[in-house]
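Engineer: First the structure, then my questions, so here it is.
Protein chains: 2
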Amino acid sequence: MKNHASEMSAVVERPMGERTRVTINDIARIANVSKKTVSRVINNSPLVRDNTRNHVEAVIKQHGFVPDPQARALAFRRSFLICLAYDNPSPQYVVNMQLGILDTLDGSDYQLVLQPVDRNDPDYQGRIQRFVERHRPGGLIMPPSVSEDEYVAEMLQKLGCDYIRIASLDIDEPARMVRTRDAEGAAQAARHLAGLGHERIAHIHGPRSFRSAHERMEGFRRGLAEFDLALPEAMMREAGYTFDTGVQAADNLLAGARRPTAIFAGNDEMAIGVYAAARKAGMQVPEDLSIVGFDDTPMAARMWPQLTTVRLPIREMGREAARSLLRKITGSPLQMSSCFTPDIVVRQSTARPLMSD
Amino acid sequence: MKNHASEMSAVVERPMGERTRVTINDIARIANVSKKTVSRVINNSPLVRDNTRNHVEAVIKQHGFVPDPQARALAFRRSFLICLAYDNPSPQYVVNMQLGILDTLDGSDYQLVLQPVDRNDPDYQGRIQRFVERHRPGGLIMPPSVSEDEYVAEMLQKLGCDYIRIASLDIDEPARMVRTRDAEGAAQAARHLAGLGHERIAHIHGPRSFRSAHERMEGFRRGLAEFDLALPEAMMREAGYTFDTGVQAADNLLAGARRPTAIFAGNDEMAIGVYAAARKAGMQVPEDLSIVGFDDTPMAARMWPQLTTVRLPIREMGREAARSLLRKITGSPLQMSSCFTPDIVVRQSTARPLMSD
DNA sequence: CTGAAAGCGCTTACAG
DNA sequence: CTGAAAGCGCTTACAG
């Protein structure tokens, strides 16, 4: 795949297989300008004559020069790392978010590094702080619930580190936010269930430490209210956004005398737990129990019956978060906020309630 | 969380919130040694007197000095990045692999960066090569099927870049391998099904471009042979390690006149596709059809009935791969190969076949 | 609009 | 075992 002769000679020159690398000095010499001028071209400084720029760019292209990220990082006092700091327990969410960010970063100078954290770890903020102090990343992207931690956001501002928060409510200036309208999505779930004729409707929400749990709960409540339906305490359970906690909460809900005919779970993981609880209780889905989830993870469409859920375009959100962050870093002027409204995806886990009572 | 007075003074000195950072020069001055000696301590050089080392280490600790990764990278001509280059389509596999690697990297000087690739992209090897040339990572970790690409391995050797290949057969020197005995796992699946009394047993295997697909197929065949059972062509289908292709392959298998009574799928994703095909065909699992998967992803235990599958400890494999890589990088002498043998996890998707025929 | 000097915080190569 | 000098490949601060 490579010129054999030149490869041989390179090997002779550098036995470790390290090919001679074109540097800014080579380009400066060849283009007959100072290295500072090459630097200006690399960094898109306006202080370069068009003629000079074109010439330098031609030389750069001809020699396949790519500035060394490590050297730039040292001189800039800032690395070309973008950090995803997350604590979302759903692997689907995480992978899609990563893919979205990588979509945007591909072709840029930045690399994605991962910082999974545990908000129950008392040192979790310290871990983020140390990472930022040591590696001085270009910026951080924080999905819920890390995004909801004001202390972390303030710390990043003090450290002069850019960031984007993905969250279900406005908790920062627009240019630093990717907003999701979770409440509206939950309201759609409520309208769907109420519209089918359900009246005894329950809700399993995520941990109270997640703002999204509140938003979804309140949105769901508002949606029900449009149909003059209430969401009493007896019909609510808190769970941990995981399968196991979803099973437990649903077990509990279905053990009562007046069972709900429909359950809206705060995410798909818990909704899938509701399937398991329903089976244990001898209930058919959707005949005896309608189930709605939130997220539309791939698993939703693989369940039987397929899960009706509220879709949030995670990957596209990741793309947009990275785009916004890159804009902040480069100081681009057009910094508007972006907002994603979820949509309900009706599948087979919801139906009219059986006439009972 | 921090000494208030010192934080204030730092803010006054550096308005951008950039706190003065302790460098190797500060430590050298305070410890009254040359910076080269500090460097030796940092890098665990044996050429330091114990007295000197202890003293320098005390000063380092006292001042919370952490060497700048960017500066070290520039001087070393090698960055403190570990790259995961993967093309595995299962999000569960990817997330668990990442978590395992991060377990090991946590506390080290290295950061994990992601390089998802598409082996159908004609430029995919070029993408890896360019990443390595530009970022000079400490090393790469490659799970299947990227690990099975000899061209990539040779390229990395030429570039002098360390790597670890996770694969189901010995394709490199032991110190560069994390081996999995996929064939043995598949043989266990075969023994389990044959032991239950199945005779018409089918296999949906992954893409032929994955060596693991071959290993699992051959292991399964050998396991059946122990029970004098054959695996005829009519009972084999190729699919893409994804849910959708799994559904298709199973549809096809179940459309024939002599339906299999059991199907072993090459991974869980496809096995879950078999559930869907079985339902479409009006078959009950496990009464009419036994199903076995491979991987034991979290979804396996969430299916109904729960999926019998072959478990590979992905996260532990990730940990071990990162450990081996760090050993290679530091030139540690004890470099043995590690090997993981999968185990069958019997759940509820397998049972004795109904007496028919 | 362009450049020469100094510096980012480390390590390598050499000397002792 | 220890250190002074030069260098890694860029950018900042300053001058013109």
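Residue numbers (the working numbering), protein chains in the order written: chain A, 885 to 1241; chain B, 885 to 1241.
Each residue gets a CB set at the ideal place from its N, CA and C atoms; glycine is no exception.
Would you mind telling me which residues of chain B sit closer than 9 Å to Leu1209(A), beta carbon to beta carbon, in chain order?
Structural biologist: Simply none; closest approach about 16 Å.
Engineer: Between which two residues does the beta strand (DSSP E) carrying Ala1086(B) extend?
Structural biologist: Counting along the chain, the unbroken beta strand (DSSP E) around Ala1086(B) starts and ends at 1085-1089.
Engineer: Mapping the DSSP letters down to three states, classify Val1176(A) as helix, strand or coil.
Structural biologist: strand
Engineer: With Arg992(B) and Leu1209(B) assumed to form a contact (beta carbons below 8 Å), what rounded beta-carbon distance in angstroms separates them?
Structural biologist: One detail in the question is off: residue 992(B) reads as Ser in this sequence, not Arg. 10 Å between Cβ atoms; not a contact.
Engineer: Would Ala955(B) count as contacting chain A if we go by Cβ distances under 9 Å?
Structural biologist: yes
Engineer: Is the number of C-beta pairs between the segment 1001-1010 of chain B and the segment 1007-1024 of chain A that are closer than 8 Å three or more?
Structural biologist: With a cut-off of 8 Å, the segment 1007-1024 of chain A and the segment 1001-1010 of chain B do not count as touching, because too few Cβ pairs lie within range.
Engineer: Going along the chain, which residues of the segment 1159-1176 of chain A sit with their C-beta nearer than 8 Å to a C-beta in chain B?
Structural biologist: Tyr1159, Ala1160, Arg1163
Engineer: On the CB-based measure, 16 or more other CB atoms within 10 Å of its CB, does Ser918(A) come out buried or exposed?
Structural biologist: exposed
Engineer: Strictly by DSSP, which residues pair up with Tyr1008(B)?
Structural biologist: The partner list for Tyr1008(B) (beta bridge, DSSP) is empty, contrary to what the question assumes.
Engineer: Mind checking who Asp1152(A) pairs with in its DSSP beta bridge?
Structural biologist: The partner list for Asp1152(A) (beta bridge, DSSP) is empty, contrary to what the question assumes.
Engineer: In the DSSP assignment, find the unbroken beta strand (DSSP E) run with Leu931(A) in it and report its ends.
Structural biologist: Looking at the DSSP string, Leu931(A) is not in any beta strand (DSSP E), and its letter there is neither H nor E.
Engineer: Give me the Cα-Cα distance between Arg1100(B) and Arg1095(A), rounded to the nearest whole angstrom.
Structural biologist: 45 Å
Engineer: Can you give me the C-alpha to C-alpha distance between Gly1140(B) and Ala1133(B), rounded to a whole angstrom?
Structural biologist: 12 Å
Engineer: Under a three-way DSSP split, which group does Arg1166(A) fall into?
Structural biologist: It should be pointed out that residue 1166(A) corresponds to Gly in this sequence rather than to Arg. In the structure shown, Gly1166(A) sits in coil (DSSP, three-state: anything other than H, G, I, E or B).
Engineer: Please list, in chain order, the residues of the segment 1019-1038 of chain A that have any C-beta partner in chain B closer than 7 Å.
Structural biologist: His1019
Engineer: With DSSP collapsed to three states, give me the class of Phe1224(B).
Structural biologist: strand
Engineer: Give me the chain A residues within the contact set of Ile1156(B), using Cβ-Cβ distance strictly less than 7 Å, ordered along the chain.
Structural biologist: The answer, in chain order, is Arg1186.
Engineer: Give the secondary structure of Thr907(A) by DSSP, where H, G and I count as helix, E and B as strand, and everything else as coil.
Structural biologist: coil
Engineer: Using only alpha-carbon positions, find the residue among Ile1228(A), Pro1182(A), Tyr970(A) that is nearest to Ser1031(A).
Structural biologist: Tyr970(A)
Engineer: Quick check: Ala968(B) and Gln954(B), are their CB atoms within less than 9 Å of each other?
Structural biologist: Rather than Ala, the amino acid found at residue 968(B) in this sequence is Leu. For Leu968(B) and Gln954(B), no; Cβs fall outside 9 Å.
Engineer: In chain A, which residues lie less than 7 Å from Val979(B) when you measure between Cβ atoms?
Structural biologist: Pro975, Val978, Val979
Engineer: For a test of the three-state rule: what should DSSP assign to Glu941(A), helix, strand or coil?
Structural biologist: helix
Engineer: Would you kindly work out how many angstroms separate the C-alpha atoms of Thr1145(A) and His1082(A), rounded to a whole number?
Structural biologist: For Thr1145(A) and His1082(A), the gap between their C-alpha atoms comes out near 7 Å.
Engineer: According to DSSP, is Tyr1125(A) part of a helix, a strand, or is it coil?
Structural biologist: coil
Engineer: State yes or no: is the C-beta of Ser974(B) within less than 9 Å of the C-beta of Ser1029(B)?
Structural biologist: no
Engineer: In angstroms, rounded to a whole number, what distance separates the CA positions of Ala1205(A) and Met1061(A)?
Structural biologist: 8 Å
Engineer: Expressed to the nearest angstrom, what Euclidean distance is found between the alpha-carbon atoms of Arg1020(B) and Ile926(B)?
Structural biologist: About 21 Å.
Engineer: Please decide whether Gln982(A) counts as near chain B, where near means a Cβ-Cβ distance under 9 Å.
Structural biologist: At least one chain B Cβ lies under 9 Å of Gln982(A).
Engineer: Nearest to Arg1199(B) by alpha carbon, out of Ala1185(B), Trp1188(B), Thr1181(B)?
Structural biologist: Thr1181(B)
Engineer: Label Ala1226(B) either buried or exposed according to how many other C-beta atoms from any shown protein chain fall within 10 Å of its C-beta, with 16 as the threshold for buried.
Structural biologist: Per the sequence shown, residue 1226(B) should be read as Pro rather than Ala. The residue is buried, with at least 16 neighbouring Cβ atoms inside 10 Å.
Engineer: Please go through the same chain and pick out, in chain order, the residues whose beta-carbon is closer than 8 Å to the beta-carbon of Cys1045(B), but skip the five residues on each side of it.
Structural biologist: Correct list, in chain order: Val1016, Arg1020, Pro1021, Gly1023, Leu1024.
Engineer: Any Cβ of chain A within less than 9 Å of the Cβ of Glu1017(B)?
Structural biologist: yes
Engineer: How about Arg1075(A) and Met1119(A): are their beta carbons less than 9 Å apart?
Structural biologist: no
Engineer: Compile a chain-ordered list of the residues in the segment 1112-1144 of chain B whose CB is closer than 8 Å to at least one CB of chain A.
Structural biologist: Phe1127
Engineer: Does the ligand ZN have a heavy atom nearer than 8 Å to the CB of Arg905(A)?
Structural biologist: Ligands in the displayed structure: none, and consequently the ligand ZN is not present.
Engineer: Do Gly1130(B) and Ala1162(B) have their C-beta atoms closer together than 9 Å?
Structural biologist: Result no, Cβ atoms of Gly1130(B) and Ala1162(B) do not sit closer than 9 Å.
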